[in-house]
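For the sequence shown, the UniProt record's numbering begins at 1 and goes up steadily by one.
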Amino acid sequence: MDIYCTRPNCTKPLNSFADLDSGNTLKTITQKFCTSCGMPLLLGGRYIVESPIARGGFGATFLARDRYTPAMKRCVVKLLQPIGFTSAQMVVAKQMFEREATVLEDLGTHPQIPDLLAYFEVQSGQDEFFYLVQEFVDGFTLEQIVEQHGAIAEADVLEIMHSLLPVLTFIHDKGSIHRDIKPANIMVRKSDQSYFLLDFGAVKQVAGVAQGQKSTGIFTPGYGAPEQMRGDTVFPSTDLYAFAVTCLFLLTGKEPDELFDVSYNKWQWDRFVKLSPNFNNVLHKMLESAPSDRFTSAADVLQALSSQASVPMVQPSVQTPVKPAHQTSIQVPVPVPLPNFAPAVPKPAASRSQKTPWLLSASIPTQFIGAFLLGVEAMLLWQVSTTVGIAVIGTPANLISFAAVLLGIILLRISSILDNKDLFVFVNLLSFAAVWGGQIFAKVQFQNFPNWIEIAQYCGIAGFSAIALMAAFRLIFQLLYSLL
């Protein structure tokens with residue numbers, strides 16, 4: 001069995017123990033130590049770390065198993081790992097870590113907040129390590145959904161809001177404020193598509209203080225409310241502000257700095273997505289600069305979303321054209337589910353490849369046009385190859401030249417310089433030019449060439465066939481991914 005060492009800067013953290021492959025030994029052994037640094041490996045005497053999940057300046061998280069459960073249940077182990085902290089900063093860090101454990105113990109009773117399983121210290125030589133063990137949610141974050149599938153449709157975002165606003169109500173009623181709501185801290189569980197709110201390390205307890213408390217400056221840039229960025233008093237509406245920014249990211253696939261117009265000091269998302277009037281107004285009110293101008297509670301937001309009347313607001317003075325944006329519905333599971341704690345560092349942008357053919361991700365009219373072009377391309381290439389092609393590509397030299405041109409197109413396609421749309425236009429224009437030129441200048445060679453109406457019919461048949469085949473492939477892909 002392999003066990004991962006959690007000590008920061010351990011040179012060889014992965015340890016292998018053949019004796020632990022026996023189930024009885026695994027349950028009865030008292031402790032195991034890292035062969036490189038001597039760090040205890042059975043955390044709290046029961047948790048076996050399998051692999052790291054994320055590391056940062058304040059903490060590190062690991063995927064682990066509980067050896068005292070029959071199925072070796074998975075869990076998430078979070079380690080307090082301050083780097084370069086002074087003694088005073090270390091005291092504050094410990095207090096925040098202990099507060100997170102206290103808050104999780106209280107808030108973990110909610111079904112959409114991971115349970116706190118354990119909280120303990122481990123002594124290794126002169127070093128002290130603080131651990132927090134939490135329920136593992138097998139799913140993926142909203143941040144990863146957008147990176148893999150693009151922007152999310154309004155109906156799905158509304159579903160997310162209706163699911164998580166009651167969670168915020170629960171948190172606020174308990175006298176706490178999350179202070180770090182963002183797409184990476186919202187997870188969808190793969191088994192039942194339930195939404196979970198994660199990472200309560202920045203939670204601020206305001207119980208007994210009606211007007212809130214001073215913020216300690218913990219937030220994610222772009223998502224923090226103005227009062228939070230200034231280090232001023234935070235309120236429940238501070239979480240609502242961050243939640244609204246999160247929704248904008250989901251709706252547009254754009255980072256907050258792309259959506260906030262600094263010249264007018266206001267949020268401008270109309271050029272990326274067109275929302276229903278009521279939802280649009282609700283988001284505007286959640287994003288007001290002054291906390292007093294926002295909704296006072298998550299329950300008020302829910303009521304406004306359910307209301308048919310729009311929320312009163314001042315319309316933006318600058319009107320920008322709406323650029324259509326492709327939006328996809330949430331589908332589970334995704335190819336690469338994320339563990340409970342997502343890395344704090346930005347992830348690389350998703351590659352151009354998709355799990356289904358690119359044409360199927362477009363709108364229905366675009367699919368029909370693209371499929372018809374496929375038919376045009378197939379018919380024209382066939383005609384050119386059986387007329388001009390046979391006449392011209394007769395010598396080895398011409399054949400080599402033609403192969404070199406096709407190889408060049410393929411290389412451009414692979415290198416992403418020439419994408420699918422460019423390839424359609426390039427090949428079809430080239431084919432049209434060849435056919436028209438042949439009809440005008442080489443009529444003898446085109447005596448058996450079908451008329452244009454007949455060609456259009458062939459192209460239509462080919463296009464509908466392409467749509468049917470691609471739809472069949474899409475169904476097969478969805479079935480395969482649902483089994484993975």
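All residues carry an ideal CB built from backbone N, CA and C; glycine is no exception. Given the structure is predicted, the values throughout are model-derived calculations rather than measurements.
Item, Value
"Where alanine 210 sits in the DSSP three-state scheme", "Caution is warranted here: a pLDDT of 36 is assigned to alanine 210, below 50, making its placement in the model unreliable, and the coordinate value is therefore given only provisionally. In this structure, alanine 210 counts as coil in the three-state DSSP scheme."
"Contacting residues, own chain, Cβ-Cβ under 6 Å from glutamine 268 (five flanking each side not counted)", "Asp261"
"Beta-carbon contacts of residue 491 that lie in its chain and below 6 Å, excluding the five residues immediately before and after", "Nothing in the structure corresponds to residue 491, since the chain is present only between 1 and 484."
"Sub-8 Å separation of glutamate 135 and aspartate 106 beta-carbons", "no"
"Under the three-state DSSP convention, the category phenylalanine 62 falls into", "strand"
"Proline 221 classed as buried or exposed, judged by whether at least 16 other C-beta atoms fall within 10 angstroms", "exposed"
"Distance between beta carbons of alanine 299 and valine 282, contact taken as under 8 Å", "Going by Cβ atoms, the distance from valine 282 to alanine 299 rounds to 13 Å, so no, they are not a contact pair."
"Beta carbon of leucine 26 nearer than 8 Å to that of valine 122", "no"
"Of the listed residues Met90, Leu197 and Asn280, nearest to glutamine 81 (C-alpha basis)", "Met90"
"Through-space distance from serine 163 to residue 491, alpha-carbon basis", "Summary: the structure shown does not reach residue 491, with the chain confined to residues 1 through 484, and so no result is reported for it."
"Straight-line Cα distance separating aspartate 2 from threonine 238", "44 Å"
"Start and end residues, beta strand (DSSP E) containing lysine 94", "Segment 87-107 is the alpha helix (DSSP H) holding lysine 94; no beta strand (DSSP E) there."
"Closest residue to leucine 132 among Val146, Leu168 and Leu117 (Cα-Cα distance)", "Leu117"
"Whole-angstrom distance between threonine 252 and glutamine 144, CA atom to CA atom", "14 Å"
"For phenylalanine 97, the nearest candidate out of Phe130, Met39, Ile48 and Val157 (CA to CA)", "Phe130"
"Serine 215 to methionine 229 span [Cα, whole Å]", "Bear in mind that the predicted position of serine 215 carries a pLDDT of just 45, short of 50, making it unreliable; the figure below should be weighed with that in mind. Using only the alpha carbons, I get a separation of about 8 Å."
"Top-ranked residue by Cα proximity to glutamate 100, from Gly125, Tyr47, Leu79 and Ile48", "Leu79"
"Run of the beta strand (DSSP E) containing alanine 225, from where it starts to where it stops", "Careful: alanine 225 lies outside any beta strand (DSSP E) and carries neither H nor E."
"CB of phenylalanine 279 within 8 Å of CB of glutamate 154, strictly", "yes"
"Assigned exposure category for valine 301 - 16 Cβ within 10 Å defines buried", "buried"
"Exposure label - asparagine 24; buried when at least 16 CB within 10 Å", "exposed"
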